[in-house]
Amino acid sequence: MTKSVKLFEPMTIRGTTLPNRIVVSPLCQYSAVDGFAQPWHFAHLSTFARGRAGLVFTEATAVEARGRITPQCLGIWTDEQAEALRPIVAFIESMGCVPGMQLAHAGRKASTRAPFSAKGPIPLSLEDSQQAGAPWQTVAPSALPVVEGWHVPEALDHNGLEQVKEAFVMAAKRAAEVGFRALELHMAHGYLLHSFLSPLGNHRTDAYGGDIDGRMRFPLEVAAAVRAAIPDELALFARISAIDGKEGGWTMDDSVCLTEKMAAQGVDVVDCSSGGIGGAPRFRNDDAGKPLTAGSARTPGFQVPFSRRLRDETSIKSMAVGVIIDPHQAEEILQSGGADLVALGREIMYDPFWPLHAAEALGVDPDYQMWPQQYAWAVDRRSQIKLLNQGE
Ligand SMILES: Cc1cc2nc3c(=O)[nH]c(=O)nc-3n(C[C@H](O)[C@H](O)[C@H](O)COP(=O)(O)O)c2cc1C
72 MTKSVKLFEP MTIRGTTLPN RIVVSPLCQY SAVDGFAQPW HFAHLSTFAR GRAGLVFTEA
132 TAVEARGRIT PQCLGIWTDE QAEALRPIVA FIESMGCVPG MQLAHAGRKA STRAPFSAKG
192 PIPLSLEDSQ QAGAPWQTVA PSALPVVEGW HVPEALDHNG LEQVKEAFVM AAKRAAEVGF
252 RALELHMAHG YLLHSFLSPL GNHRTDAYGG DIDGRMRFPL EVAAAVRAAI PDELALFARI
312 SAIDGKEGGW TMDDSVCLTE KMAAQGVDVV DCSSGGIGGA PRFRNDDAGK PLTAGSARTP
372 GFQVPFSRRL RDETSIKSMA VGVIIDPHQA EEILQSGGAD LVALGREIMY DPFWPLHAAE
432 ALGVDPDYQM WPQQYAWAVD RRSQIKLLNQ GE
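If you read the sequence shown in this note's numbering, its first letter stands for residue 72, the second for the next number, and so on.
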């Protein structure tokens, strides 16, 4: 390395050191069998480690069977499922990267079809061997479907809440046991914990509903219980939908309040996404909740303002995500205080070696020293091409 740029500065969170600030965002693959990781998951996640991402998160991994988005989602509700992930974790570690797991419960957005063929809730009549065991009864803070025509969830009672909390704790312990060094609680996109936070998903009248303190209670209890159950050196992230972007929904001010409370429970990083509470397409509103005009949604870095504000106004580290595609753009986000970490989703699936290419583009690795030695022949050829081009 010849030059220090922020994107390639290591970052230590508790006892976990990320070699750089590039994070692979959780990306559902809809390729698990009964919650078990398959060769696809090894191939998919290990590629990002070969590409030298600092932290590689698994897809949303269900803490209990009914918390899967689809029957093909990854799960960690048994020790055997965790063991199946061990080789993936070991490989990511062997490349000097940090293995992370997103712990999730889909709540009222569970029991849906994998999106390769069809979308939406699994119909009661579906006779498809691939959807074995489905549909199933979903759970939520209140018995409100995501939208008309979706499954009507069962409202969790006190025992149900304890059961879900315990499922998060057990899943976190299993993840730590097989070597994951960062965990992320999925509190975004309309899934279970988000639906507790948002007044649009939570109509409870007990201690877990009502005002913002009541609505935050369960997600904060889960965060505290998970933090208490895992080794101190593990980094704990929480992904939130910083805004619902809908009238009467969760707002940026609410996110500031939640983030500070999560920090007090030992959450280290807030991962700033948005939307998803109503099931309609996400990312329809700007930072202030104003509707974006058609076509302006999902512009590069469109969620960075959320991350910037939470970083400025709370005591926690923040991660930005959403159409971060260019190395110079990513560097600018970090340099200008928009985030401490950047997460990439679609762009890094398009180019799993994005970190290596970014290192080259930012002058950090002009001689391809960061590349795996097994690929020396490939980078030798690139060097020759560079020399030839310089000679022209
Ligand atoms: C195929 C796919 C699967 C996704 N799966 C998850 C997931 O499991 N958990 C999650 O929090 N977000 C998920 N997301 C959202 C991404 O993590 C990311 O926040 C979003 O795609 C915006 O980032 P990008 O513009 O870099 O893709 C998914 C997105 C895509 C495209």
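The C-beta atom is built at its ideal place from N, Cα and C for all residues, glycine as well.
The structure presented is a predicted model; accordingly, all values stated were derived computationally and were not measured.
Presumed contact (8 angstroms Cβ cut-off) between residue i and residue j, rounded CB distance
i	j	result
residue 139	residue 106	7 angstroms
residue 293	residue 256	7 angstroms
residue 145	residue 95	About 14 angstroms separates the two Cβ atoms, so there is no contact after all.
residue 297	residue 239	6 angstroms
residue 235	residue 176	6 angstroms
residue 331	residue 385	5 angstroms
residue 305	residue 369	Not quite, the Cβ-Cβ distance comes to about 32 angstroms (not below 8 angstroms), so this is no contact.
residue 263	residue 329	That belief does not hold up - the Cβ atoms of residue 263 and residue 329 are roughly 15 angstroms apart, past 8 angstroms.
residue 402	residue 98	Going by Cβ atoms, the distance from residue 402 to residue 98 rounds to 23 angstroms, so no, they are not a contact pair.
For residue i, the three-state DSSP class (helix, strand or coil)
i	result
residue 276	coil
residue 388	strand
residue 411	coil
residue 343	strand
residue 318	coil
residue 310	strand
residue 330	helix
residue 367	Any reading at residue 367 must be qualified, since the residue scores a pLDDT of 45, below 50, and its modelled position is unreliable; no value is offered.
residue 375	helix
residue 419	helix
residue 441	coil
residue 449	helix
residue 146	strand
residue 301	coil
residue 211	strand
Residue from the options with nearest C-alpha to residue i
i	options	result
residue 457	397, 373, 432 and 445	432
residue 313	289, 261 and 301	261
residue 325	339, 272, 223 and 381	381
residue 155	250, 99 and 404	250
residue 266	348, 329, 246 and 419	348
residue 301	336, 321 and 330	336
residue 307	273, 270, 244 and 109	244
residue 388	109, 170 and 409	409
residue 310	391, 455, 123 and 184	391
residue 237	133, 168, 375 and 207	133
residue 153	305, 291 and 135	135
residue 168	269, 124, 415 and 247	124
residue 378	396, 399 and 414	414
residue 429	93, 83, 82 and 303	93
residue 416	121, 109, 108 and 130	130
residue 122	259, 418 and 317	418
residue 158	216, 111 and 422	111
residue 422	396, 147, 170 and 151	396
residue 289	258, 303 and 149	258
residue 186	100, 407 and 445	100
residue 147	207, 323, 254 and 436	254
Alpha-carbon spacing of residue i relative to residue j, whole angstroms
i	j	result
residue 212	residue 338	23 angstroms
residue 327	residue 315	14 angstroms
residue 227	residue 284	18 angstroms
residue 453	residue 447	10 angstroms
residue 22	residue 89	Residue numbering for the chain in the displayed model covers 72 to 463; residue 22 lies beyond these limits and cannot be assessed.
residue 241	residue 205	24 angstroms
residue 143	residue 103	5 angstroms
residue 449	residue 194	49 angstroms
residue 80	residue 400	16 angstroms
residue 224	residue 434	52 angstroms
residue 373	residue 345	10 angstroms
residue 174	residue 115	18 angstroms
residue 183	residue 137	11 angstroms
residue 232	residue 440	50 angstroms
residue 246	residue 172	7 angstroms
residue 188	residue 272	28 angstroms
residue 393	residue 318	22 angstroms
residue 83	residue 412	12 angstroms
residue 280	residue 286	5 angstroms
residue 460	residue 376	40 angstroms
residue 192	residue 291	28 angstroms
Test: residue i CB closer than 7 angstroms to a CB of chain B
i	result
residue 259	Here chain B cannot be found, since the structure has a single protein chain.
Inset, instruction - Kindly provide the ranges of any alpha helix (DSSP H) runs that are 4 or more residues long and lie completely inside the stretch 107–143, ordered along the chain. - result: 110–121
Inset, instruction - List in chain order: all unbroken alpha helix (DSSP H) runs of 4+ residues lying wholly within the stretch 216–292. - result: 229–248 and 263–268
Inset, instruction - Go through the stretch 153–208 residue by residue and report every complete run of the beta strand (DSSP E) that reaches 3 residues or more, in order. - result: 169–175
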